[in-house]
Each structure stands twice: as structure tokens, then as C-alpha cells.
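See structure below.
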């Protein structure tokens, strides 16, 4: 079993990066957390990581199919958070694309846009209680009940980009084009001509 893996789940959306004795957990309205592994168990075809705080991950060397995209993965996984267990898939490096899709790597969102954003400082302090947070990753945008995979990024100056992303959420899929603009610690996202703004949450 590789020492470095990524596990993703659907509904709810979580991502766990595994690197040695550290789990990096993130998800919709969940700020990124780096958790030290306190216990691990291994067998010939499976491995478990216990990070305390109610977080436990189990990965089995068995083929898995992403629930939303149908893309093949090499590992089957279960993630337990606060006594709730969700199923997911694991992969090493860049994941395989869904059947029939091009294998070219998608464009990525510039670093100045990346981060956790929310309505105000109070919402940043209690992200689990807010449904208005947005997490921007280099290749994804995470909202309360959907996640968008970035397919194209078009720079519009130094502080603005236009992106095209394939979204999945609540059993539906759609593609949309959005504009992201950063001014100081404020991010404005424009979708179908409708803007909304969020402030950057400090870790």
C-alpha cells in the first residue's frame, strides 16, 4: 500500500490527503485540517489510519468507481468523521479521468484565489455552522452541496480569472462559466451575471 494517497468521497464531499503520519482533511464548509496519525493498522491489502478527534480512514486495495463521474480508481475507502462513515475512492498522484474524457490535465486557479472564504469573520470562526462558505482549491471550487472541477482558466488581468467548471451536487451535474476577482481579502464570484462576495478566512 503506498504511503501517499488521496481519498475523496461524495455527498458529503470530503478529501483526505495521506502523507506518512499526517492526514490532511478538507471538505465543504470544513476548513483544511492537518491531523497527526495516532494509530495505524496494516494487512496485506488494507491499511487504516486513526487521527483521533473522531477521524478514521480505511483504504483497501480493491477497484473503485467514483460515484458521480464513474472514473476508475485503484482503491476503495471508508472515512469516519464523528461516528459517521462515508464511502469513497483512493488514488495515487493524478486520478484517472472518467471514461471517454481527454487525459489532458485541467488548468489550475492561481494561488492568490486559493483558500477558505466565508460571509464574515463570525462565519469563518464557525465554518460548520455556515452554508455560505466557499473553498477554492487549484483545481476545484467547493460550495455547501456541490463541487466544481475546473476545466479551463482564462486570466483577465492580474486579479481576475474566468473559469469553466464541471459541477456535481445533489445528484445533478452541470457545467458553468464563472468570473473570480480578488481585491485584498475579498473574493467576488460572478455566475450568470450575478455576483456575490466573501472574505478570506485566516487559519
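Numbering (this note's numbering), first residue to last: 499 to 701.
Note that beta-carbon positions come from the ideal geometry of N, C-alpha and C, so glycine has one too.
Let me check understanding here. Comparing Cα to Cα, which of the options lies closest to residue i?
| i | options | result |
| --- | --- | --- |
| residue 516 | 628, 694 and 532 | 532 |
| residue 675 | 692, 669 and 682 | 692 |
| residue 612 | 501, 683, 518 and 539 | 683 |
| residue 590 | 514, 508, 668 and 634 | 514 |
| residue 669 | 508, 500, 654 and 501 | 508 |
| residue 605 | 501, 538 and 664 | 664 |
| residue 560 | 554, 549, 636 and 542 | 542 |
| residue 563 | 588, 671, 581 and 622 | 588 |
Helix or strand or just coil, what does DSSP make of residue i?
| i | result |
| --- | --- |
| residue 635 | coil |
| residue 529 | strand |
| residue 575 | strand |
| residue 556 | strand |
| residue 603 | Reliability fails at residue 603, whose pLDDT of 42 lies under 50, so the model's placement of it is uncertain and the value that follows must be treated cautiously. Note: residue 603 maps to coil in three-state DSSP. |
| residue 569 | coil |
| residue 653 | strand |
| residue 589 | strand |
| residue 540 | strand |
| residue 581 | coil |
Could you check whether residue j and residue i sit closer than 8 Å to each other, using their CB atoms as the reference points?
| i | j | result |
| --- | --- | --- |
| residue 477 | residue 536 | What the structure shows of the chain is the stretch from 499 to 701, and residue 477 is not part of that stretch, so it cannot be assessed. |
| residue 495 | residue 689 | Residue 495 lies beyond the residue range present for the chain, which begins at 499 and ends at 701; the question has no answer from this structure. |
| residue 558 | residue 610 | no |
| residue 639 | residue 659 | no |
| residue 699 | residue 529 | yes |
| residue 506 | residue 586 | yes |
Would you mind reading off the limits of the beta strand (DSSP E) that contains residue i?
| i | result |
| --- | --- |
| residue 549 | 544-550 |
| residue 513 | 512-517 |
| residue 693 | 692-698 |
| residue 681 | 670-681 |
| residue 664 | 658-667 |
| residue 502 | 502-507 |
Where do the N-terminal and C-terminal ends of the alpha helix (DSSP H) with residue i fall, by residue?
| i | result |
| --- | --- |
| residue 623 | 619-623 |
Quick check on residue i - is its C-beta less than 8 Å from some C-beta in chain B?
| i | result |
| --- | --- |
| residue 555 | Looking at the structure shown, chain B is missing, and only one protein chain is on hand. |
Would you call the segment 569-587 in contact with the segment 639-656, where contact means no fewer than 3 C-beta pairs closer than 8 Å? Verdict: no, contact absent.
Check whether the segment 647-661 and the segment 575-595 touch, using three or more Cβ-Cβ pairs below 8 Å as the test. no
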